[in-house]
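Using the numbering used here, the letters of the sequence shown correspond one by one to residues 20 to 308.
Virtual Cβ for every residue (Gly too), placed ideally from N, Cα, C.
Just so it is clear, the structure is predicted and the values come from calculations on it, not from any experiment.
Worksheet for the structure shown next.
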Amino acid sequence: MDANVDLKKSWIMIKHTFPILDNNFNWPYAQTTDAQLFETINLINRFGLNATIKSLIISKFEEHVRKFVVPKFWAFFTTDINVGEGFGNFFKAVDYLYTFFTNHIHLIGNTSLLCNSKPIYNAENATDSLKLIIRATLLSQLPLNYNKIIEEFYETALKLENNDDTACPVCGNEPECSCLIYFHATNSKLVELKLLEPLCGQVLTSLIYGYIESYINKTCKDNFDNSYIDALEKWLDQFIINWLRKVYGCDGSSELQEQEYKQKLTNLLYETYTKVRINQLFNIIIGNK
């Protein structure tokens, strides 16, 4: 190591370039110039500290996400609020998480400039590494009843899709409501963070299953003479499948994946329809005794 190098000054320079290393780190933070960045990178490489500094940066990111980012995300998940507030809170939570992600892509990406820089957690790039840190930490701190606000968000969005009233059921505005815009923006951000399926997948499945069963029971109630199967198949494709395309549409799902969940929902429709018809027939037999 060069004896003429001022270690204290060098450490300050490194912390300025990678502010996550500062114990008082907060964001947003001032960006360094390209000249300052390459001067710091050369300094780290010259000291032979590239692996050590990179490991420390990742460790600090994990700590910050664990102690500050994820707890603030879950703080939006309060249950003592109305539907409109729940819808807005989930949008705000995802927006907060996405803002943290986009604000730090550049910072964590700069670690790839260090000599002999190896992939972080075998991810293809530093951006995917940050997504992995966020996703793993978030899913390791799931609070009780976290799915309630997610369910309210998607249940409300489903009502928006089928809303015949002029006023929005969330904000009450007409006709300049932005709630569907917020809905699609939220899904897009979850997809980019690779959180849509692990965080919301089970909630979406339960919601859709319940919605299909409720619709079939309502449609076929007290009417045994007519067959509704063709109409139900059309409703499933034009409403339910089409809505799910909007939810998952921006994650690059293949046609094969779409066919798989379409087949599952079609099977559910047939099973539910059969059960409703059997129950109706049973009630008719019992009633005639």
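Original post:
Candidates 155, 300 and 99: which alpha carbon is nearest residue 80's?
Top reply: As a working note, residue 80 is residue 61 in the sequence shown. Closest by alpha carbon: 155.
Subject >> N-terminal and C-terminal residue of the alpha helix (DSSP H) that residue 235 is part of >> reply: Taking the first residue of the sequence shown as position 1, residue 235 is located at position 216. Element bounds for residue 235: 220-239.
Original post:
Is the CB-CB distance between residue 142 and residue 151 below 7 Å?
Top reply: Residue numbering aside, residue 142 sits at position 123 when the sequence shown is read from its first letter. Residue numbering aside, residue 151 sits at position 132 when the sequence shown is read from its first letter. With respect to residue 151, residue 142 sits close: the two C-beta atoms are nearer than 7 Å.
**OP:** Taking 8 Å as the threshold, find out whether the stretch 252-272 comes into contact with the stretch 213-233 through three or more Cβ pairs.
**Re:** The stretch 252-272 vs the stretch 213-233: in contact.
Subject >> Unbroken alpha helix (DSSP H) run spanning residue 93, endpoints >> reply: Position 74 of the sequence shown holds residue 93. It spans 89-94 - the alpha helix (DSSP H) in which residue 93 sits, taken as one unbroken run.
Original post:
Helix, strand or coil for residue 168 per DSSP?
Top reply: To locate residue 168, count along the sequence shown from 1; it is residue 149. Residue state, collapsed to three classes: helix.
Original post:
For the alpha helix (DSSP H) that contains residue 53, what are its first and last residues?
Top reply: For the purposes of this step, residue 53 is taken as residue 34 along the sequence shown, with counting starting at 1. Start and end: 53-66.
Subject >> Backbone secondary structure at residue 111 - three-state DSSP >> reply: Here residue 111 refers to the residue found at position 92 when the sequence shown is read from its first residue. Looking at residue 111 - three-state DSSP - the assignment turns out to be helix.
Original post:
Between which two residues does the alpha helix (DSSP H) carrying residue 72 extend?
Top reply: For the purposes of this step, residue 72 is taken as the residue at position 53 of the sequence shown. Bounds of the alpha helix (DSSP H) holding residue 72 are 69-83.
Original post:
What is the DSSP secondary structure of residue 147, counted as helix, strand or coil?
Top reply: In the sequence shown, the residue the question calls residue 147 occupies position 128. Residue 147 carries a helical assignment under DSSP once its states are collapsed to helix, strand and coil.
Original post:
Anyone know if the C-beta pair for residue 106 and residue 189 falls short of 7 Å?
Top reply: Here the question's residue 106 lines up with position 87 in the sequence shown. Here the question's residue 189 lines up with position 170 in the sequence shown. A contact, by the Cβ cut-off of 7 Å.
**OP:** Counting only the same chain and skipping the five closest in sequence on each side, list residues whose C-beta sits under 8 Å from that of residue 90.
**Re:** By 1-based counting over the sequence shown, the position of residue 90 is 71. Excluding sequence neighbours, residue 90 sits near 160.
Original post:
Where residue 45 and residue 38 are concerned, what is the direct C-alpha to C-alpha distance, given to the nearest angstrom?
Top reply: Position 26 of the sequence shown, counted from the first residue, corresponds to residue 45. Position 19 of the sequence shown, counted from the first residue, corresponds to residue 38. The alpha-carbon atoms of residue 45 and residue 38 are separated by roughly 8 Å.
**OP:** Between the Cα of residue 300 and those of 204, 239 and 132, spot the shortest distance and give me the residue it belongs to.
**Re:** In the sequence shown, counting from the first residue as 1, residue 300 sits at position 281. Checking every option, the nearest Cα to that of residue 300 belongs to 239.
Subject >> Residue range of the unbroken alpha helix (DSSP H) whose run includes residue 36 >> reply: Within the sequence shown, residue 36 is the residue found at index 17, counting from 1. Annotation: the continuous alpha helix (DSSP H) that includes residue 36 extends over 26-36.
Original post:
Between the C-alpha atoms of residue 202 and residue 31, what's the straight-line distance to the nearest angstrom?
Top reply: Taking the sequence shown and counting its residues from 1, one reaches residue 202 at position 183. Taking the sequence shown and counting its residues from 1, one reaches residue 31 at position 12. Going by C-alpha positions, residue 202 is about 43 Å away from residue 31.
**OP:** Answer yes if the stretch 108-128 comes into contact with the stretch 60-69, meaning at least three C-beta pairs across the two stretches below 8 Å, and no otherwise.
**Re:** Proximity of the stretch 60-69 to the stretch 108-128 falls short of the contact definition, fewer than three beta-carbon pairs being nearer than 8 Å.
**OP:** Find the nearest neighbour of residue 235 within the set 99, 117 and 287, judged by alpha-carbon distance.
**Re:** The count along the sequence shown starts at 1 and reaches residue 235 at position 216. For the options 99, 117 and 287, the alpha carbon positioned closest to that of residue 235 is the one of 287.
Subject >> Spatial neighbours of residue 177 in its chain, beta-carbon cut-off 8 Å, leaving aside the 5 residues before and after >> reply: Numbered from 1 along the sequence shown, position 158 holds the residue referred to as residue 177. Hits under 8 Å: 226, 230 and 262.
Subject >> Exposure label - residue 169; buried when at least 16 CB within 10 Å >> reply: Against the sequence shown, residue 169 aligns to sequence position 150. Buried, since its Cβ has 16 or more Cβ neighbours within 10 Å.
Original post:
Just to confirm, are residue 119 and residue 88 a CB contact at a threshold of 7 Å?
Top reply: Start at 1 with the first residue of the sequence shown, and residue 119 comes out as number 100. Start at 1 with the first residue of the sequence shown, and residue 88 comes out as number 69. Their beta carbons are under 7 Å apart, which means residue 119 touches residue 88 by this criterion.
Subject >> Contacting residues, own chain, Cβ-Cβ under 8 Å from residue 219 (five flanking each side not counted) >> reply: Against the sequence shown, residue 219 aligns to sequence position 200. Excluding sequence neighbours, residue 219 sits near 169, 173 and 209.
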